[in-house]
Amino acid sequence: MNKQFQQFELKKIVVPGKFTMSPVELKDYIDFEVKRVYFITKTEAETGAHCHKVEQEFFVLQQGTCTAVIDQGNGLEEIKMSAPTSAIYVPAFVWHHFKDFSADAILLALSSTNYNPDRSDYIEDYDEFKTQISLIKN
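Residue numbering for the sequence shown follows this note's numbering, starting at 31 and increasing by one per position.
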């Protein structure tokens, strides 16, 4: 599997008069064991901007819309996401946060690690991230 940031358009199956389904075969999108699942809902502000040193995440927008803000070491870029077909894979050392959530947005996150309250896996200072990513690239 490619360990770089990726954006996905999920399959959408419409059964007329019944429902719409977006199946996700995890093996097609991630190569890590899912150790934690969480949902972001009822947002009133942007999520915290950060990157992880180890953790990998797969985000699927379940409902509504939002914007992912990503930096893979080339500067900040914004990615508009809309349910039910938007998903992104965020490996370690990719700066990310989410903003502009619609009132009904539900963002599902699958994580490669269990939560660690000491946050030792996080880089939360953007300048430190840029320094670290330039060392990794060189």
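Built from N, CA and C at the ideal position, the CB exists for glycine as well.
Run of the beta strand (DSSP E) containing residue i, from where it starts to where it stops
i, result
"Y68", "R66 to T71"
"F89", "E87 to Q93"
"L56", "Neither: L56 is in no beta strand (DSSP E) and is coded neither H nor E."
"L138", "I136 to S141"
"F128", "W125 to K129"
Per-residue DSSP class, three states only, for residue i
i, result
"M31", "Only weak support exists for where M31 lies, its pLDDT of 47 falling under 50; the value from the coordinates is given anyway. Three-state result, M31: coil."
"F49", "strand"
"K42", "coil"
"E62", "Note that residue 62 is Phe in the sequence shown here, rather than Glu. DSSP places F62 in coil when its eight states are reduced to three."
"E76", "coil"
"S164", "helix"
Bridge partner(s) assigned by DSSP for residue i
i, result
"Q37", "I118"
"E108", "V99"
"I153", "C81"
Pair within 8 Å by beta-carbon distance, residue i and residue j
i, j, result
"F128", "L137", "yes"
"Q102", "F35", "yes"
"T95", "S150", "no"
"V99", "L91", "no"
Does the segment 110-119 come close enough to the segment 144-159 to have 3 or more Cβ pairs within less than 8 Å?
With the cut-off at 8 Å, the segment 110-119 and the segment 144-159 do not touch.
Three-pair Cβ contact test at 8 Å for the segment 119-127 versus the segment 75-82:
When Cβ pairs closer than 8 Å are counted between the two stretches, the segment 119-127 is seen to touch the segment 75-82, the count reaching three or more.
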